[in-house]
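Note that the working numbering numbers the first sequence so that position 502 is 751, with each residue one more than the last.
Here's the structure, in structure tokens; my notes come after.
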Amino acid sequence: MSHSGGFNEMAATNCKDYEFLTIEPHWQTIWEKTKAFRADNGATKPKYYILDMFPYPSGAGLHIGHPEGYTATDILARFKRARGFNVLHPIGWDAFGLPAEQHAVKTGTHPATNTQNNIVNFRRQIKALGFSYDWDREVDTTDPKYYRWTQWIFLQLFKKGLAYVDERPVWWCPELKTVLANEEVVDGKSEVGGFPVERRNLRQWVLRITAYAEPLIDGLKDVDWPDSTKRMQEAWIGRSEGAEVLFKLENAALGDLKVFTTRPDTLFGCTYMVIAPEHPLVDSLTVPEQRDAVKAYRFKAASKSDLERTDLAKDKSGVFSGSYAINPVNGARVPIWIADYVIMGYGTGAIMAVPAHDVRDHEFAVQFNLPIIRVVAANDGAEELPYTGDGKVVNSPGYDGLTWPEAKKKIIAELATRGVGKGTINYKLRDWLFSRQRYWGEPFPIVWVSEADYARAVAVRSDLPAQPVKFIENGVTQYALPLPDAVLPLILPEVQSYLPSGLGESPLANVTEWLEIWVNIQTGAAVPASQPRPAGDVWVRARRETNTMPQWAGSCWYYLRYLDPQNAGALASPEALKYWDVPDLYVGGAEHAVLHLLYARFWHKVLFDLGVVPQSEPFKKLFHQGIILGEDGVKMSKSRGNVVNPDDIISKYGADSLRLYLMFLGPLEAMKPWNPQGIEGVHRFLRKVWRECLNEEGAINPRISETGALSADTEKLFHETIKKVTENTEDLRFNTAISQLMILLNALQKEPVLPRSVMLDVLKLLAPLAPHITEELWARLGQSGSIMAAGWPSFDAAKLVATTLTIVFQVNGKHRGDVQVPVGITEEELVKLAYENPKVAPHLQGKPLKRSIFVKGKLINLLV
RNA sequence: GCCCGGGUGGCGGAAUGGUAUACGCAACAGACUUAAAAUCUGUGGUUCGUAAGGACGUGUGGGUUCGAGUCCCACCCCGGGCACCA
250 MSHSGGFNEM AATNCKDYEF LTIEPHWQTI WEKTKAFRAD NGATKPKYYI LDMFPYPSGA
310 GLHIGHPEGY TATDILARFK RARGFNVLHP IGWDAFGLPA EQHAVKTGTH PATNTQNNIV
370 NFRRQIKALG FSYDWDREVD TTDPKYYRWT QWIFLQLFKK GLAYVDERPV WWCPELKTVL
430 ANEEVVDGKS EVGGFPVERR NLRQWVLRIT AYAEPLIDGL KDVDWPDSTK RMQEAWIGRS
490 EGAEVLFKLE NAALGDLKVF TTRPDTLFGC TYMVIAPEHP LVDSLTVPEQ RDAVKAYRFK
550 AASKSDLERT DLAKDKSGVF SGSYAINPVN GARVPIWIAD YVIMGYGTGA IMAVPAHDVR
610 DHEFAVQFNL PIIRVVAAND GAEELPYTGD GKVVNSPGYD GLTWPEAKKK IIAELATRGV
670 GKGTINYKLR DWLFSRQRYW GEPFPIVWVS EADYARAVAV RSDLPAQPVK FIENGVTQYA
730 LPLPDAVLPL ILPEVQSYLP SGLGESPLAN VTEWLEIWVN IQTGAAVPAS QPRPAGDVWV
790 RARRETNTMP QWAGSCWYYL RYLDPQNAGA LASPEALKYW DVPDLYVGGA EHAVLHLLYA
850 RFWHKVLFDL GVVPQSEPFK KLFHQGIILG EDGVKMSKSR GNVVNPDDII SKYGADSLRL
910 YLMFLGPLEA MKPWNPQGIE GVHRFLRKVW RECLNEEGAI NPRISETGAL SADTEKLFHE
970 TIKKVTENTE DLRFNTAISQ LMILLNALQK EPVLPRSVML DVLKLLAPLA PHITEELWAR
1030 LGQSGSIMAA GWPSFDAAKL VATTLTIVFQ VNGKHRGDVQ VPVGITEEEL VKLAYENPKV
1090 APHLQGKPLK RSIFVKGKLI NLLV
């Protein structure tokens, strides 16, 4: 039995009216039964892969923002299918994460239970919208069959030396009893819950994303993304070119002070230096008489939270160390200050200050009365300082007269020759803090062993990193031993309590039987340490890693799993990776412009370098849908009570109306308010479509004819509509596609006879936007099979050419009238017509015609 | 402060440098109806004028152009991102 044969047996409903509550579930069931949206990995048709950002299945259910983006991609998926593509359009669940864990803490039920309930609800809501997902490819990041490969990718990063542990100050939230990433801290408070946070040192897993800073910038050149998003990623990576310069310290025993500067050309203007309060040389550079002042300043700086530090950003503070350094270009004696406007985490934690040409240095110099020397002259001779614009170098013997970029190049070369400096590139990008002290995340497939046991593992394992990852705890060095790929997935164990240990470790630290083990260093097999040690040298004592991975981990590679979701031997087969390639279009919110999209690109590039994936960038083309605001023009939120629930809209107007309205609201990328009355308009439009096809009894509209023809004007409009809807759909400009269809319907309504073929084409044009009603009407007009299999209408270019057109008369650029003329009319004839036109002629009376401008097919402008 | 995006009727918005306000909502008037709903028809920037018609109109002020919502310059306002990164 053929695929479409099965479909033919499926009948339409027998509704007399547009009863969407009957029609929509009816067709959804048929689609589901026939697996109408299955993507075929073996197809010979051209492929099209269209990807949504998969949702976090929250307890609140689908937010109206989800169906906005999802409707857009669904329309495109259906459009591409109609145009003959093998379309991959999948969905899944980004289901690990903090809210489920907090719910578990509150209720004591397993986060998996709550998560599964939420998924059931999300799935129901998404199906009610008629989205054409291939449900055989659904993924769930919390499924061990899925996170097995998340863990596997982590192991590849680990083996490549891209994962390490480090004790570092991290945000600690006493309320949540957990560590938060920088991006989860907003204005000194936790993003979730809004609780205060503080700094604390903890052992953390960190991914070396900085090793990929350069490729992550370079790759942006090759992708079709919104410019603003590219710029945001560039700014986040923050590449800056400059030089490291060594300043000899006056106290030669202390050696050199290394600074990073982007403007080595201004070295002659350096009048003081600044080191960060955390700089290792602070103590040795502080002279005895300054000791108390420096100590006090350091204490103050350390106790400031980042919030205070940025709040006080306007006021510069600092203290003199009492020591001096020697400027390598002119031997000048330069005082060294300590100030918190220099941060330890960037560059070398020390700067040369050039107050004449740096705004912050200038502010500081004015405040502390330090000298200011101009070394770049403004092109326009302006005297004002600080000056950061272009110009020629002055007061710099050997470089005067050069533009500053020239001087920069020359001075870097000179410093390098003398061995006191070199060109360098710095990035703002920090390594990625990759661990959380939480339960509801992927466990790390890592155990900690002693130095001696690790040495034994080195002898029998070939998959260990070149440099061991180790960590000193209570004076003992622990070594991170990866579990072999073969024992994955490492299943998240059951716990008694979902509360964090409260000491910075996750609830996993309380599961002793799981935590403390004998491990086989060769196979990764484990038995609880409470049991006797199995026989053989390969069994060693180990403690499991208790951190779990952040929510980003699962979302970093899900678009690859869709290609081959059941594969038990690889994250996806090489054939699937090659056939589907990367998504042709990725649609999601701009709030992921930096983090998710940067992290996923990083993993993809690592997988590319490992030969796992065949291309170096994961997302060729990216589009951000805008935010839908509440009726009141403010962002929707529960507390404001302006949230729109898709379920309510569907039960009142139907999914087709909701889809159409979401797309008709305005440009997809725009932020726009919800208008409850606006949906009436598109709903009326759908009812009008229904009435043009079927009469009140539900039988075919008697005006529909096999042989009749449209009037010439409507015929032309019909072909224009095909053209416009096709182009607009391709460009994701659905609002104008819909208005064009409305214009066509208004015209068809006035036609005495409706050719059947025209009505069928209209349904085809509308089908991606409103799939249920068009399936129903397609069947009711006597067509067999799904409208989705019926192809896409094409327009007749000859029909677009009018025989007469309207030419506008302008006199001196002002609109004065218009005239219907045949297509081939000449300029002379039009000028003549203008003088005869009762509306135009008065404006031409008594004034000689100086010139006329004729825009073919549009207008003629007469200058008098 | 820096980097983006945007300001068009009562509202959402449309407009390859060429008739500004398409399409939809809301409003008003009319038709159908015992009535209502539904549906259909029509009106609709401001201002002067009985009208025909004129003047002015896309945040503000300049400019380029035969012609500017659209291009250029300056400014104002709104939204987003970054924020002592040397």
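Just so it is clear, CB atoms sit at the ideal spot from N, CA and C, and this is done for glycine as well.
Quick caveat, the model's predicted, so the values are computed rather than measured.
In the structure shown, Met522 adopts extended strand secondary structure according to DSSP, grouped into three states.
Counting only the Cα atoms, Ala842 lies some 13 Å from Ile486. The C-beta distance from Gln800 to Gly838 rounds to 15 Å, too long to meet the 8 Å contact threshold. In the DSSP annotation of this structure, Asn675 is not part of any alpha helix (DSSP H); the continuous beta strand (DSSP E) holding it starts and ends at Gly670 to Asn675. In the structure shown, Asn335 falls within a strand segment according to DSSP collapsed to helix, strand and coil. Comparing alpha carbon positions, the residue from Thr535, Ser477 and Asp476 closest to Leu503 is Thr535. DSSP places Ser684 outside both helix and strand once states are collapsed to three, so it counts as coil. Shown here, Asn290 sits in coil according to DSSP, grouped into three states, outside any helix or strand. Cβ-Cβ separation between Tyr546 and Ile587: approximately 6 Å, consistent with a contact (criterion under 8 Å). A Cβ-Cβ separation of about 4 Å places Pro526 in contact with Ala550 under the 8 Å criterion.
Thr1055 and Leu1014 have their C-alpha atoms some 29 Å from each other. The DSSP-derived three-state label of Lys1081 is helix. Taking 4 residues as the shortest admissible run, the segment 377-421 contains the following complete alpha helix (DSSP H) segments, listed from N- to C-terminal end: 393-408. Inter-segment contact for the segment 634-648 and the segment 450-461 is absent: fewer than three beta-carbon pairs are separated by less than 8 Å. Contact annotation: Leu737 and Trp401 have beta-carbon atoms nearer than 8 Å.
Residue pairing of Trp767 in beta bridges, as defined by DSSP: Val776 and Arg790. According to the DSSP assignment, Gln1069 belongs to the beta strand (DSSP E) that extends over Lys1063 to Pro1071. Straight across, the Cα-Cα distance linking Pro781 with Ile766 is about 10 Å.
As the crow flies, the alpha-carbon of Met302 is around 6 Å from that of Val836.
Comparing C-alpha distances from Ala919 to each of Lys296, Leu270, Gly314 and Ala261 shows the shortest one belongs to Gly314. In this structure Val931 is in contact with Ser906, their Cβ atoms being roughly 6 Å apart against a cut-off of 8 Å. For the beta strand (DSSP E) assignment, the uninterrupted runs of no fewer than 3 residues enclosed by the segment 595-643 are, from N- to C-terminal side, 599-602, 625-627 and 640-642. For Ser570, no pairing in a beta bridge is given by DSSP. By alpha-carbon distance to Ser804, the top candidate from Leu337, Phe328, Gly341 and Glu1085 is Gly341. The continuous beta strand (DSSP E) containing Val696 extends over residues Ile695 to Val698. Within the same chain, and ignoring the five residues on either side of Thr364 in sequence, the residues whose Cβ sits closer than 7 Å to its Cβ are Pro306, Ala344, Ala349 and Thr391.
Annotation for Arg908: the continuous alpha helix (DSSP H) segment containing it runs Ala904 to Phe913. For Leu713 and Leu730, the gap between their C-alpha atoms comes out near 8 Å. Straight through space, the alpha carbons of Ile876 and Leu347 are spaced by roughly 23 Å. By a beta-carbon distance limit of 8 Å, Thr358 does not contact Pro749. Their separation comes to about 17 Å.
Close CB contacts of Phe1103 within its chain, under the 6 Å cut and outside five residues either way in sequence, are with Glu1076 and Ile1109 (chain order). By alpha-carbon distance to Ser477, the top candidate from Pro922, Phe872 and Lys1107 is Phe872.
For Lys507, the beta-bridge partners assigned by DSSP are Leu495. Per the DSSP secondary-structure output, Lys265 pairs with nothing in a beta bridge. At a cut-off of 4 residues, the continuous stretches assigned as alpha helix (DSSP H) that sit fully inside the segment 927-1011 are 927-942, 961-979 and 983-998. Judged by pairs of C-beta atoms under 8 Å, the segment 1034-1048 does not touch the segment 995-1005, as fewer than three such pairs exist.
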